[in-house]
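Everything on this sheet refers to the single structure shown next.
Protein chains in written order, with my numbering: chain F, 60 to 445; chain U, 383 to 526.
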């Protein structure tokens with residue numbers, strides 16, 4: 060069974076704030092839930108499926124009660140920052156199977172105001188004893204990948220910096236972005252090394268916030284006034300160390316990209332806009348290679364000359380400013396990737412970065428670490444309304 | 383410049399990994415290998431990723447390896463905050479597995495991919511030792 064055109068995204072909402080010390084995490088889940096439902100023209104009483112991560116307590120159970128939902132379908136798949144792209148696929152499959160009609164997906168967190176360090180979640184995991192004693196932090200794994208990518212393919216720090224530069228050029232148009240000042244390649248290279256070869260400006264920001272998505276059946280999509288976008292394809296996987304034989308030069312996108320494209324019936328050349336997970340600049344370089352936008356190893360050269368800069372670059376990406384400049388709530392960037400892709404397909408991105416007649420958009424999430432193990436998910440969406 | 387001493391936190395242990403950690407306390411790096419198909423297993427566990435076997439034996443690794451990738455850390459978490467700069471690396475053991483570790487025994491700017499290294503042990507004081515690696519020349523001369 061395919062999910063191609065069997066489900067539609069009817070509503071999205073990104074919390075406008077980046078520092079929210081006056082709210083609880085469940086409160087933010089509720090705010091974004093109401094925001095996305097209002098965007099779709101739906102009411103909480105319409106929701107018959109609920110999906111969320113593990114940030115608000117006991118998976119979907121805690122927030123279903125808080126929101127007084129009575130779901131027929133629930134899912135709390137936890138793959139870190141890619142969770143929400145997994146959730147969209149699961150919601151679409153449940154809808155295609157006739158198990159539900161209106162699926163609400165929420166996420167929220169207070170990583171900035173509570174100063175939650177973005178560390179690897181390894182304690183209690185079977186690998187913990189062999190990874191938690193070396194002084195690892197989130198950036199370390201990505202730095203190991205970047206160093207190896209440079210060694211094998213000649214990728215440079217200046218090429219990585221181009222990713223941040225493009226994101227910053229987009230963020231200047233987003234009034235909600237945490238960092239709105241454009242930066243140059245030299246400014247990235249002059250920022251302090253955090254874990255070589257990655258500089259401070261190669262790293263995503265830490266923000267409070269959240270977002271929500273509403274996925275609906277074709278019947279519901281046709282009944283509501285709001286413009287919907289089509290779910291064309293989705294794929295997910297776990298890429299891990301493969302019994303200690305890790306290859307740091309590719310991500311799970313090498314697996315999920317081809318599967319998602321096949322389900323969607325489109326090719327990389329058909330894609331007008333991409334939301335690429337940007338926990339660090341190297342994440343973007345490896346992912347665009349893995350998704351087939353260039354050959355493996357050519358990612359660094361591909362991003363030169365403004366290739367990622369909207370609206371006219373060869374591959375406009377993260378037009379909200381991404382996790383590098385706009386928002387990376389709860390150290391999880393997947394939800395905002397979906398939301399900006401929907402804005403592009405609806406023609407509702409900022410005019411300065413709106414891709415003209417954006418027909419096909421791709422969102423990709425990477426949760427965990429490309430330096431060890433990750434949950435990867437690719438989502439392909441189409442402009443067609445129901 | 384002297385290399386600041388690295389913290390030596392005790393690892394999380396389970397009954398599944400006691401044999402491995404007990405051996406480190408006496409300066410031995412053990413590898414689990416599958417009794418059915420011979421796969422060398424990493425991280426240490428009692429399940430073979432190669433064939434699904436649940437009978438494993440332990441043998442001592444040669445202690446030799448090469449650096450597959452590394453990073454010089456300038457912002458260390460927790461107890462590592464004051465130990466910067468220090469090096470985290472994947473070392474590919476002669477037996478195959480690529481293991482996360484620290485590189486010690488040389489200045490961080492002397493570390494490179496492809497460099498040959500040998501295991502050295504840092505005692506945690508809690509019945510285990512951390513397997514770290516030093517450039518082969520430094521390890522053999524005892525220049526730590």
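Note that beta-carbon positions come from the ideal geometry of N, C-alpha and C, so glycine has one too. Keep in mind it's a predicted model, so treat the numbers as computed, not measured.
Query                                                                                                                                                     : Result
Contacts around residue 482 of chain F, its chain only, beta-carbon distance under 8 angstroms, and the 5 residues preceding and following it disregarded : One cannot answer for residue 482 of chain F here, as it falls past the ends of chain F, which runs 60 to 445.
Buried or exposed (CB count within 10 angstroms, at least 16 for buried), residue 408 of chain U                                                          : exposed
Unbroken alpha helix (DSSP H) run spanning residue 88 of chain F, endpoints                                                                               : 84-99
Close beta carbons around residue 161 of chain F, own chain, < 7 angstroms, minus the five adjacent residues each side                                    : 101, 105, 106, 107, 108, 273, 275, 279
Beta-carbon spacing of residue 82 of chain F, residue 329 of chain F below 9 angstroms                                                                    : no
Runs of beta strand (DSSP E) lying entirely within the segment 125-164 of chain F, each at least 3 residues, in chain order                               : 132-134
Reduced DSSP secondary structure (H/G/I, E/B, other) of residue 425 of chain F                                                                            : strand
Assumed close pair residue 251 of chain F, residue 456 of chain U - CB separation to whole angstroms, cut-off 8 angstroms                                 : 7 angstroms
Start and end residues, beta strand (DSSP E) containing residue 453 of chain U                                                                            : 446-455
Supposed close pair residue 475 of chain U, residue 442 of chain U - CB separation, criterion 8 angstroms                                                 : With a Cβ gap of about 12 angstroms, residue 475 of chain U and residue 442 of chain U do not count as contacting.
Residue 396 of chain U, buried or exposed, once every other Cβ within 10 Å from all chains shown has been counted against 16                              : exposed
Those residues which DSSP pairs with residue 472 of chain U across a bridge                                                                               : U:451, U:482
C-beta contact flag for residue 229 of chain F and residue 422 of chain F at 9 angstroms                                                                  : no
Proximity below 9 angstroms, CB of residue 92 of chain F to CB of residue 144 of chain F                                                                  : no
Alpha carbon of residue 441 of chain F to alpha carbon of residue 216 of chain F, nearest angstrom                                                        : 34 angstroms
Buried or exposed (CB count within 10 angstroms, at least 16 for buried), residue 444 of chain U                                                          : exposed
Whole-Å CB distance - residue 502 of chain U paired with residue 487 of chain U, under 8 angstroms assumed                                                : 7 angstroms
CB contact below 9 angstroms: residue 206 of chain F versus chain U                                                                                       : yes
Proximal chain F residues relative to residue 431 of chain U, where beta-carbon distance stays under 7 angstroms                                          : 302
Distance between beta carbons of residue 201 of chain F and residue 113 of chain F, contact taken as under 8 angstroms                                    : No, residue 113 of chain F and residue 201 of chain F are not in contact; Cβ-Cβ is about 23 angstroms, not under 8 angstroms.
Backbone CA spacing between residue 430 of chain F and residue 351 of chain F [nearest angstrom]                                                          : 21 angstroms
Neighbourhood of residue 378 of chain U by C-beta, 7 angstroms cutoff - its chain only, sequence neighbours within 5 removed                              : What is shown of chain U runs 383 to 526, which leaves residue 378 of chain U out entirely.
Test: residue 292 of chain F CB closer than 9 angstroms to a CB of chain U                                                                                : no
Chain U contact for residue 279 of chain F (CB, 9 angstroms cutoff)                                                                                       : no
Test item: CB-CB of residue 164 of chain F and residue 110 of chain F under 9 angstroms                                                                   : yes
Three-pair Cβ contact test at 8 angstroms for the segment 338-349 of chain F versus the segment 290-301 of chain F                                        : no
Backbone CA spacing between residue 385 of chain F and residue 118 of chain F [nearest angstrom]                                                          : 27 angstroms
Residue 480 of chain U to residue 448 of chain U span [Cα, whole Å]                                                                                       : 9 angstroms
Test: residue 189 of chain F CB closer than 9 angstroms to a CB of chain U                                                                                : yes
Cutoff 9 angstroms: residue 178 of chain F Cβ touching any chain U Cβ                                                                                     : Because residue 178 of chain F carries a pLDDT of 49, less than 50, the predicted location of this residue cannot be relied on, and the following value inherits that uncertainty. Interface residue, yes.
Members of the segment 389-406 of chain U near chain F, C-beta cut-off 9 angstroms                                                                        : 389, 390, 391, 392, 393, 394, 395, 396, 398, 399, 402, 403
Contacts around residue 437 of chain U, its chain only, beta-carbon distance under 6 angstroms, and the 5 residues preceding and following it disregarded : 417
Residue 347 of chain F in three-state terms, based on DSSP                                                                                                : helix
Outcome for residue 373 of chain F when other beta-carbon atoms lying within 10 angstroms are tallied against a minimum of 16                             : exposed
Chain B within 9 angstroms of residue 194 of chain F, Cβ atoms only                                                                                       : The structure shown contains no chain B; its protein chains are F and U.
Cα-Cα separation, residue 67 of chain F to residue 288 of chain F                                                                                         : 5 angstroms
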